[in-house]
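Numbering (UniProt numbering), first residue to last: 1 to 313.
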């Protein structure tokens, strides 16, 4: 019991994206929902289509961002949105070598066929509870919703009470263009300037206070470990909240199956566990090395009304 409730480490050195230096090598994408009124009568709105979703795409090397508004989250419409981005000669984004996305159904079907047609490798990541593998597009989605919806709220202050503004597509393009013209801290230039270069070298997004890469002490394969639980992961909470009674480390034991060492540039050693657990890498701080076979509670605690209680004096 003391193992699963041991305090979590204060500093966890996650891997960085600084290894990706060539534009249009790795792209990340995500689909976000636009707020709308559920009781709206779509038959009375003849001015144009009603958009409910936005496809976000970002280049991991240049940090260049683009988006497309969607009326549904069907894979056919998402595939057409990718074609409108990558087949546009006026935009610097081309068909990448690898596309990172979550395991949602909107990125399957027609999207898979389209990416296979252009030789794009799709890496589907389990993004629930752990968002480090899609951190770049998650940050882009947060900024997009913050700036676009903030403009919607400012317009609603001027509307009569009860009226809502759902025309974010009017000013979304100017906001994203402003993001692409703004210098980013890690690459030291704006995404528009970075698209003109053949190689972009960025600073590490995190600082490491211990040896990393080949200088880092490694845990051997088949080592028994417990992994650090994300908030809400043990109880499968859809809101990703940690209760005070939830364990901090996994109650189940697992074996290290694969080890990845980043050499150029140096990265923390990544550990992959057996197939029964989340298919995502862990760093050393997220694993608890179990050197001896743990002693389990006695079997009698599983029986009904058989637990020893203290008799009253």
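Just so it is clear, CB atoms sit at the ideal spot from N, CA and C, and this is done for glycine as well. Model, not experiment: these values are computed from the prediction.
Q: Kindly confirm or deny that the segment 172 to 180 and the segment 72 to 91 touch, where touching means at least three C-beta pairs closer than 8 Å.
A: no
**Q.** For residue 60 and residue 360, the rounded distance between their alpha carbons
**A.** This structure leaves residue 360 out entirely; the chain is present only between 1 and 313.
**Q.** 8 Å contact criterion, which residue 187 and residue 175 should meet: CB distance rounded
**A.** Within the chain shown, the letter at position 187 stands for residue 187. Within the chain shown, the letter at position 175 stands for residue 175. Actually they are not in contact, since the Cβ atoms of residue 187 and residue 175 sit about 20 Å apart, beyond 8 Å.
Q: Can you have a look at residue 266 and say buried or exposed, based on whether 16 or more other CB atoms are within 10 angstroms of its CB?
A: Numbered from 1 along the chain shown, position 266 holds the residue referred to as residue 266. Classification for residue 266: buried.
(Q) Just verifying my parser: in three-state terms, what is the DSSP assignment at residue 105? (A) What you label residue 105 is simply residue 105 of the chain shown in a count that begins at 1. Note: residue 105 maps to helix in three-state DSSP.
Q.
So residue 25 and residue 50 are supposed to be a Cβ contact under 8 Å. How far apart are they, rounded?
A. Against the chain shown, residue 25 aligns to sequence position 25. Against the chain shown, residue 50 aligns to sequence position 50. Not confirmed; about 36 Å, so no contact.
Q: Work out the CA separation of residue 6 and residue 158 for me, nearest whole Å.
A: For the purposes of this step, residue 158 is taken as residue 158 along the chain shown, with counting starting at 1. For the purposes of this step, residue 6 is taken as residue 6 along the chain shown, with counting starting at 1. Cα-Cα distance, rounded: 53 Å.
**Q.** For residue 255, the first and last residue of its enclosing beta strand (DSSP E)
**A.** As a position in the chain shown, residue 255 is number 255, starting the count at 1. Residues 254 to 260.
Q. How many angstroms separate the CA atom of residue 292 from the CA atom of residue 2?
A. Taking the chain shown and counting its residues from 1, one reaches residue 292 at position 292. Taking the chain shown and counting its residues from 1, one reaches residue 2 at position 2. In a straight line, the C-alpha of residue 292 is about 14 Å away from that of residue 2.
Q) Shortest alpha-carbon distance to residue 195 belongs to which of 21, 4 and 14? A) Along the chain shown, one-based indexing puts residue 195 at 195. Among 21, 4 and 14, the Cα nearest to that of residue 195 is on 21.
(Q) Tell me which residue opens and which closes the alpha helix (DSSP H) that residue 148 is part of. (A) Taking the first residue of the chain shown as 1, we reach residue 148 at position 148. Note, residue 148: alpha helix (DSSP H), 135 to 156.
Q: Pair every Cβ in the segment 210 to 230 with every Cβ in the segment 92 to 100, then say whether three or more of these pairs are closer than 8 Å.
A: no
Q. What runs of the beta strand (DSSP E), each 3 residues or longer, lie entirely inside the segment 205 to 249?
A. 224 to 227
Q) Looking only at its own chain, which residues have a Cβ that is under 7 Å from the Cβ of residue 85, when we skip the five neighbours before and after it? A) By one-based count along the chain shown, residue 85 stands at place 85. The residues are 57, 66, 68, 91 and 93.
Q) According to the Cβ coordinates, are residue 75 and residue 111 closer than 7 Å? A) In the chain shown, counting from the first residue as 1, residue 75 sits at position 75. In the chain shown, counting from the first residue as 1, residue 111 sits at position 111. Yes; because the gap between Cβ atoms is below 7 Å, this pair is in contact.
Q) Which whole runs of the beta strand (DSSP E) in the segment 53 to 127 are 3 residues long or more, in chain order? A) Correct list: 53 to 59, 65 to 70, 98 to 102 and 121 to 125.
Q.
With a threshold of 7 Å on Cβ separation, who are the neighbours of residue 8 within its own chain once the five nearest residues in sequence on each side are excluded?
A. In the chain shown, the residue the question calls residue 8 occupies position 8. Only residues of its own chain outside the window of five on either side were considered, and among them 228 and 248 have a CB closer than 7 Å to the CB of residue 8, listed in chain order.
Q: Please determine, among 256, 295, 16 and 189, the residue with the shortest C-alpha to C-alpha distance to residue 221.
A: Counting from one through the chain shown, the residue named residue 221 turns up at place 221. Residue 221 has its Cα closest to that of 256, out of 256, 295, 16 and 189.
Q.
Looking at residue 206: is its Cβ nearer than 7 Å to the Cβ of residue 13?
A. Position 206 of the chain shown, counting from 1, holds the residue named residue 206. Position 13 of the chain shown, counting from 1, holds the residue named residue 13. Closer than 7 Å, so yes.
Q. To the nearest angstrom, how far is it from the Cα of residue 103 to the Cα of residue 300?
A. Sequence index remark: in the chain shown, residue 103 carries index 103 (1-based). Sequence index remark: in the chain shown, residue 300 carries index 300 (1-based). Their backbone Cα atoms lie some 42 Å apart in a straight line.
**Q.** Given residue 288 as reference, the closest of 252, 54 and 144 once Cα atoms are compared
**A.** In the chain shown, residue 288 corresponds to position 288, counting from 1. Nearest of 252, 54 and 144 to residue 288, Cα basis: 252.
(Q) Just to check my reading of the structure: residue 52 and residue 31 have Cβ atoms closer than 8 Å, yes? What is that Cβ distance to the nearest angstrom? (A) Translated into positions along the chain shown, residue 52 becomes position 52. Translated into positions along the chain shown, residue 31 becomes position 31. Rounded, the Cβ-Cβ distance is 10 Å, inconsistent with contact.
Q. Which partner residues of residue 28 appear in the DSSP bridge assignment?
A. If you number the chain shown from 1, residue 28 lands on position 28. Per DSSP, 58 and 100.
**Q.** As assigned by DSSP and simplified to three states, the class of residue 179
**A.** Taking the first residue of the chain shown as position 1, residue 179 is located at position 179. In this structure, residue 179 counts as helix in the three-state DSSP scheme.
Q | Limits of the beta strand (DSSP E) - the one that residue 273 falls within | A | Position 273 of the chain shown, counting from 1, holds the residue named residue 273. It spans 270 to 273 - the beta strand (DSSP E) in which residue 273 sits, taken as one unbroken run.
Q. If you draw a straight line from the alpha carbon of residue 146 to that of residue 294, how long is it in whole angstroms?
A. Along the chain shown, read from residue 1 onward, the residue named residue 146 stands at position 146. Along the chain shown, read from residue 1 onward, the residue named residue 294 stands at position 294. If you take the alpha carbons of residue 146 and residue 294, they lie about 47 Å apart.
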